[in-house]
Amino acid sequence: MPYEVCCLKRYTFISLKKHASLPTQCSSMNINGVHEGPKGLIVDVGCGINHISTNFIRSRYANVDQIYSIDNDPEVIRFFNRYNEPKLLEIKEADITDWDFLMNKEGKVSKVVSLRCLDEVQDQKKAFENIFRLLKRGGDMLVLMTINSTFYELVDTVLRRDRWRKYFKGRYVIPESHTSRFTADYYRSLLHFIGFVEITVSDMPRIVIYKKVTDFKEDVHHWSSCSSIPEECRQEFAEEVLSESVRLGKIRLENFCILYNTLWIHAGKPL
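Right, dumping it as structure tokens:
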């Protein structure tokens with residue numbers, strides 16, 4: 001399968017919720033335009049701070065009664081509480097793998113949407129199990145994930161150094177989907193085991209070309225896991241990742257690439 005090339009001045013796939021080519025990917029899954037359904041409650045898993053996934057839901061599902069957005073980042077919650085439209089949107093600090101925070105919605109959800117969040121969830125099986133429990137019969141989920149990104153190969157060596165290791169201790173940083181090389185077939189089998197039906201997993205190899213090292217360093221700086229590094233040290237961390245990658249011959253200083261795969265996952269709960 002050919003790669004889709006993204007050549008962007010400010011590409012932010014590393015910061016996950018700011019993915020610039022989302023409209024193109026929606027088109028590839030034939031989910032552009034406004035759809036009448038579903039009515040009822042939609043859960044947005046990992047809503048993020050800049051409304052990308054929430055706006056995606058609101059622009060495509062005209063009949064939605066309420067959006068219940070969850071994120072485990074307190075900063076996201078504070079942001080939404082300032083700019084929230086309370087009649088449509090409810091926001092809660094919660095983890096998709098912690099059923100105690102979700103059980104009051106069991107069997108009540110028409111649709112679950114998650115855009116570039118489940119990549120970073122350590123127990124993905126538990127996340128999908130909880131999504132299944134949230135859905136009402138006949139409900140469905142739409143998930144966008146990144147797997148097998150070469151970005152993690154670039155940062156891994158630096159993460160292990162004493163200078164930086166202390167900031168990541170006890171944190172889930174390198175996704176298992178990367179270390180174990182999960183594939184589309186892995187997710188099809190997992191969802192079938194959980195009980196989902198009408199499973200579609202669309203796998204698209206992608207390539208990002210950075211024309212300037214400053215763009216790459218900025219993406220490293222805004223990488224979600226960098227939130228554990230003090231703000232005044234993040235630029236130094238980004239510089240070290242770049243220097244190590246050049247030293248190992250993994251990238252050049254101009255027009256270097258990051259390879260990864262996106263998975264669009266659509267699956268339903270039986271009637």
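Each residue of the sequence shown is one higher than the last, beginning at 1 in UniProt numbering. Virtual Cβ for every residue (Gly too), placed ideally from N, Cα, C. Source: prediction; values computed, not measured.
Residue i CB to nearest heavy atom of the ligand COA below 7 Å
i, result
"aspartate 215", "Ligands are entirely absent from the displayed structure, and the ligand COA is therefore not among its contents."
Delimiting residues of the beta strand (DSSP E) encompassing residue i
i, result
"alanine 267", "256-268"
"valine 43", "40-45"
"tyrosine 210", "197-210"
"aspartate 65", "64-71"
"isoleucine 91", "89-93"
"lysine 111", "109-115"
Cα-Cα separation, residue i to residue j
i, j, result
"lysine 166", "isoleucine 174", "15 Å"
"valine 208", "tryptophan 264", "18 Å"
"arginine 234", "phenylalanine 151", "16 Å"
"alanine 64", "asparagine 104", "Per the sequence shown, the amino acid found at residue 64 is valine instead of alanine. About 19 Å."
"glutamate 239", "methionine 141", "39 Å"
"histidine 178", "arginine 60", "31 Å"
"proline 230", "valine 76", "18 Å"
"alanine 184", "lysine 212", "32 Å"
"leucine 242", "lysine 169", "22 Å"
"arginine 252", "leucine 271", "53 Å"
"aspartate 162", "leucine 248", "19 Å"
"serine 15", "phenylalanine 196", "Low local confidence applies: a pLDDT of 33 at serine 15 is under 50, so the model's placement there is unreliable, with the coordinate-based value given in what follows. Their backbone Cα atoms lie some 29 Å apart in a straight line."
"threonine 214", "lysine 92", "35 Å"
"asparagine 55", "histidine 192", "30 Å"
"arginine 78", "valine 246", "39 Å"
Proximity of residue i and residue j at Cβ, strictly below 8 Å
i, j, result
"alanine 267", "glutamate 198", "yes"
"valine 109", "leucine 41", "yes"
"aspartate 44", "serine 69", "yes"
"serine 224", "arginine 171", "no"
"aspartate 219", "asparagine 261", "no"
"glycine 139", "lysine 111", "yes"
"valine 113", "isoleucine 57", "yes"
"lysine 39", "leucine 154", "no"
Candidates the options, of which the one nearest residue i by Cα
i, options, result
"aspartate 71", "Asn63, Ser53, Arg58 and Ala62", "Ser53"
"proline 74", "Cys47, Tyr186 and Lys269", "Cys47"
"arginine 133", "Val112, Leu118 and Glu106", "Glu106"
"leucine 115", "Ile147, Gly138 and Lys136", "Ile147"
"lysine 269", "Phe168, His178, Met145 and Leu135", "Leu135"
"threonine 200", "Arg188, Phe193 and Arg206", "Arg188"
"leucine 259", "Pro205, Leu271, Ser245 and Arg252", "Pro205"
"glutamate 232", "Ala184, Asn55 and His221", "His221"
"leucine 118", "Phe193, Lys212 and Glu176", "Glu176"
"serine 236", "Trp164, Lys92 and Lys169", "Residue identity check: residue 236 is glutamate in the sequence provided, not serine. If we check each option's Cα against that of glutamate 236, Trp164 comes out closest."
Cβ neighbours of residue i in the same chain (closer than 7 Å, five flanking residues each side left out)
i, result
"threonine 97", "Val121, Asp123, Lys126, Ala127 and Asn130"
"alanine 94", "Ile70, Asn72, Phe101 and Leu102"
"arginine 181", "Asn148"
"tyrosine 186", "none"
Run of the alpha helix (DSSP H) containing residue i, from where it starts to where it stops
i, result
"isoleucine 131", "124-134"
"arginine 161", "That residue, arginine 161, is in no alpha helix (DSSP H); it is neither H nor E in DSSP."
"arginine 247", "234-247"
"arginine 188", "184-194"
"aspartate 215", "213-222"
"glutamate 176", "176-179"
Contacting residues, own chain, Cβ-Cβ under 6 Å from residue i (five flanking each side not counted)
i, result
"tyrosine 210", "Phe216 and Phe256"
"threonine 157", "Glu244"
"methionine 145", "Leu118, Asp119 and Leu263"
8 Å Cβ cutoff, residue i in contact with chain C
i, result
"arginine 133", "Here chain C cannot be found, since the structure has a single protein chain."
Contacts around residue i, its chain only, beta-carbon distance under 8 Å, and the 5 residues preceding and following it disregarded
i, result
"isoleucine 194", "Lys125, Phe128, Glu129 and Phe132"
"leucine 190", "Gln124, Lys125 and Phe128"
"serine 228", "Tyr167, Phe168 and Arg171"
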